[in-house]
Amino acid sequence: MNPPVDQGSDAELIERFLEMMAAEKGCAPNTLAAYRSDLEQASRRLGGRLASADGEAIRAVVQHWSGLAATTLARKQSALRSFFRFLVEETMIGEDPTRTLASPSRGRALPRTLDRAQIAALFTLAEERAAAPDARAAIRLLALLELLYGSGLRATELVSLPRRAIRIDQPFMIVRGKGGKERLVPLSDRGRAVVARWLAFVPEDSAWLFPSGKNHLSRVRLFQLLRAHAADAGIAPDRISPHVLRHAFATHLLEGGADLRALQVMLGHADISTTEIYTHVDASRLIELVNARHPLARRPGGSAAAARPDQPR
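Take the sequence shown: its letter number 262 is residue 261 in my numbering, and every next letter is one higher.
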């Protein structure tokens, strides 16, 4: 074990660490909440002696988490590494017990998404319901769908949009994303039209575009609304989430010829490598692309078939 840390209990040190991460690193609230949960779990596992744990104890905690998804395990390890780096920098401990931890293999999993027919089914049903009398809830759902699939917003960005974030006369909005960073996000004509319809139901003094009680619509409630709507549209509820619609936005834009750098800006990715995961395409699209675009794909006379290797050119 590291020598006893006398600057406070695990709970106090975790709180100080999170305050530093918020103030100096600009971590998003969701990241801070996840780190808090991870560190508190580790502290409970070690009987409240996380801050004084040695490498063997930390490896035991990580081994206890070994059955989790690689991405979840990677985040938990990141929380531990950042926490102990903070303790070392503040001279509360002499050695970082996470220095020998092996990083989990995260792979490069493709994001779940929906095809165009499934997206069409979602919107067809939403538009039908929004056209009915007394359709306040249906218009809200249609607006949520438009901003998730039409603009690629994250769930947190969407539910926490200020009422005045969208100006109906402008084809873009300013969104505050991860780490408090702001970016311009495109807003389609149909998206603006639906938001205009929804604004008629939002009180003028509301701070939020999607109010709920004294706060805004929660991420959990957004998830529930989408699942219920998907089931009604004939789509398995476990196939949809706010992030799945964001993935569909990115995938379908790239399929339509969007520039990867432009997509990076729209999604708010700090690193282009994060955006590159959306470059996955199916084999039929690759074949179609080669047949349509490759110089050897067209012979004189307009045939789309490429010349066979055994034929003279």
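Idealized CB from N, CA, C, for every residue including glycine.
### Task
Determine the direct distance from the alpha carbon of Ala-134 to that of Ala-229, and round the result to whole angstroms.
For Ala-229 and Ala-134, the distance between alpha carbons rounds to 18 Å.
### Message
Let me make sure I understand the geometry here. Which of Glu-181, Leu-17, Ile-13, Glu-23 has the alpha-carbon closest to that of Gly-47?
### Response
The candidate whose alpha carbon is nearest that of Gly-47 is Ile-13.
### Segment limits, beta strand (DSSP E) that includes Val-174
Following the DSSP letters along the chain, one finds Val-174 inside the beta strand (DSSP E) bounded by residues 171-175.
### Message
Using 7 Å as the threshold, is the C-beta distance between Gly-54 and Thr-99 below it?
### Response
Result yes, Cβ atoms of Gly-54 and Thr-99 sit closer than 7 Å.
### Message
I'd like the list of long-range same chain contacts for Ala-78, defined as Cβ closer than 6 Å, with 5 residues on each side in sequence excluded.
### Response
Cβ within range, chain order: Tyr-34, Asp-37, Leu-38.
### Message
Does His-63 pass the burial test, meaning 16 or more other C-beta atoms within 10 Å, or should it be called exposed?
### Response
By the 10 Å Cβ count, His-63 comes out exposed.
### Message
Helix, strand or coil, according to DSSP, for Leu-147 in the structure here?
### Response
If DSSP states are grouped into helix, strand and coil, Leu-147 belongs with the helices.
### Task
Rounded to whole angstroms, what's the CA-CA distance from Glu-11 to Arg-80? Just pull it up for me.
Computed Cα separation, rounded: 18 Å.
### Message
Rounded to whole angstroms, what is the Cα-Cα separation between Phe-321 and Asn-29?
### Response
Here the chain has residues from 0 to 312 only, and residue 321 is not among them.
### Message
With the cut-off set at 7 Å, would you say Ser-159 and His-215 are in Cβ contact?
### Response
Against a cut-off of 7 Å, the Cβ pair of His-215 and Ser-159 comes out as a contact.
#### Entry: Under the three-state DSSP convention, the category Leu-183 falls into
Strand.
### Query
What do you reckon, are the CB atoms on Asp-9 and Ala-69 nearer than 7 Å?
In this structure, Ala-69 does not lie closer than 7 Å to Asp-9 by Cβ.
### Message
Between Arg-196 and Ile-138, how many whole angstroms is the CB-CB distance? I'm expecting something under 8 Å.
### Response
Contact check for Arg-196 and Ile-138: beta-carbon distance about 5 Å, within the 8 Å limit, so the pair qualifies.
### Message
Among Arg-163, Arg-166, Gly-190, Ala-116, whose alpha-carbon lies nearest the alpha-carbon of Gly-149?
### Response
It is Gly-190.
### Task
Report buried or exposed for Asp-258, applying the criterion of at least 16 other Cβ atoms within 10 angstroms of its Cβ.
Asp-258 counts as exposed, since fewer than 16 other C-beta atoms from the protein chains shown sit within 10 angstroms of its C-beta.
### Task
Determine the closest residue to Gln-76 out of Thr-97, Lys-24, Gln-169, Gly-66, with distance taken between C-alpha atoms.
For the options Thr-97, Lys-24, Gln-169, Gly-66, the alpha carbon positioned closest to that of Gln-76 is the one of Thr-97.
### Reference Ala-316; option with closest CA among Phe-83, Leu-152, Ile-234, Ala-291
One cannot answer for residue 316 here, as it falls past the ends of the chain, which runs 0 to 312.
### Message
Buried or exposed, going by whether 16 or more other CB atoms sit within 10 Å of the CB of Pro-170?
### Response
By the neighbour-count criterion, in which 16 or more other beta carbons inside 10 Å mark a residue as buried, Pro-170 falls on the exposed side.
### Task
Compute the Euclidean distance between the alpha carbons of Val-174 and Arg-84, then round it to the nearest angstrom.
Cα-Cα distance, rounded: 32 Å.
### Task
Would you mind sorting Arg-245 into buried or exposed? The rule is 16 or more other CB atoms within 10 Å of its CB.
Classified as buried, Arg-245 has 16 or more neighbouring CB atoms from the shown chains inside 10 Å of its CB.
### Query
Contact check, Leu-152 vs Ile-165 under 8 Å by CB: the rounded distance?
11 Å between Cβ atoms; not a contact.
### Message
Tell me the DSSP secondary structure of Trp-64 in three-state form.
### Response
Looking at Trp-64 - three-state DSSP - the assignment turns out to be coil, as it is neither helix nor strand.
### Query
Since Ala-119 is in the alpha helix (DSSP H), which residue starts that stretch and which ends it?
Per DSSP, Ala-119 belongs to the alpha helix (DSSP H) from 115-129.
### Message
Between Arg-44, Asn-290, Ala-227, which has its C-alpha nearest Ile-144's C-alpha?
### Response
A quick correction: the sequence has Leu, not Ile, at residue 144. Residue Ala-227 is the option with its Cα nearest to Leu-144.
### Query
Just how far apart, CA to CA, sit Leu-252 and Ala-131?
Each residue's Cα considered, the two are about 31 Å apart.
### Query
What is the DSSP secondary structure of His-242, counted as helix, strand or coil?
Annotated three-state conformation of His-242 is helix, per DSSP.
### Task
Taking the CB atoms as reference points, tell me whether Arg-218 and Ala-154 lie closer together than 7 Å.
For Arg-218 and Ala-154, yes; Cβs fall inside 7 Å.
### Message
I'd like the list of long-range same chain contacts for Arg-111, defined as Cβ closer than 6 Å, with 5 residues on each side in sequence excluded.
### Response
Excluding five sequence positions before and after Arg-111, the CB atoms of its chain that fall closer than 6 Å to its own CB belong to Val-243, given in chain order.
### Message
Can you look up His-228 in the DSSP assignment and give me helix, strand or coil?
### Response
In the structure shown, His-228 falls within a helical segment according to DSSP collapsed to helix, strand and coil.
### Message
For Ser-211, list the residues DSSP reports as bridge partners.
### Response
Beta bridge pairing from DSSP links Ser-211 with Asn-214.
### Message
At the 7 Å Cβ level, is Val-158 part of the contact set with chain D, yes or no?
### Response
Absence of chain D from the displayed structure is noted, only one protein chain being present.
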